[in-house]
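**Student:** Residue numbers (full-length UniProt numbering): 1 to 100. Backbone N, C-alpha and C fix where the C-beta goes; we use that ideal spot for every residue, glycine too. As the structure is a prediction and not an experimental result, all values here were calculated from the model.
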Amino acid sequence: MPKRKRGVTGDAARRQQAIRKCENSMPETDEERNRRFSVMAQRGQKRRAEEQRNSQLTYMAQRGQERKAEETEEQRNSRLSDMAQRRPERRAEENGREKK
Numbered sequence: 001m002p003k004r005k006r007g008v009t010g011d012a013a014r015r016q017q018a019i020r021k022c023e024n025s026m027p028e029t030d031e032e033r034n035r036r037f038s039v040m041a042q043r044g045q046k047r048r049a050e051e052q053r054n055s056q057l058t059y060m061a062q063r064g065q066e067r068k069a070e071e072t073e074e075q076r077n078s079r080l081s082d083m084a085q086r087r088p089e090r091r092a093e094e095n096g097r098e099k100k
């Protein structure tokens, strides 16, 4: 059985190694440091925005499930009936598109 890898591995390890190499070779200028901090801040903003979007999508999915759970049998039958009536219309539209 192979040994379990510990610590940082793969691309992250190479990235850290490259950073250390640069840090040791030359001191960082203020401009370089500011650029690096700016990039880090932008990544953080993107991550937070994505997390917020995911949270909203999760909330919307939960609300949809709750609505379906609250749906009465009569409402469910009505909804399914509407779907069945629209099915031939959709097929006709799709067939019309395919012929063009």
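Quick one: residues in its chain with C-beta nearer than 6 Å to the C-beta of N77, no 5 flanking neighbours on either side, listed in chain order?
**Tutor:** none
**Student:** What residue range does the alpha helix (DSSP H) around E28 cover?
**Tutor:** Looking at the DSSP string, E28 is not in any alpha helix (DSSP H), and its letter there is neither H nor E.
**Student:** Taking only three categories from DSSP, how would you classify E51?
**Tutor:** helix
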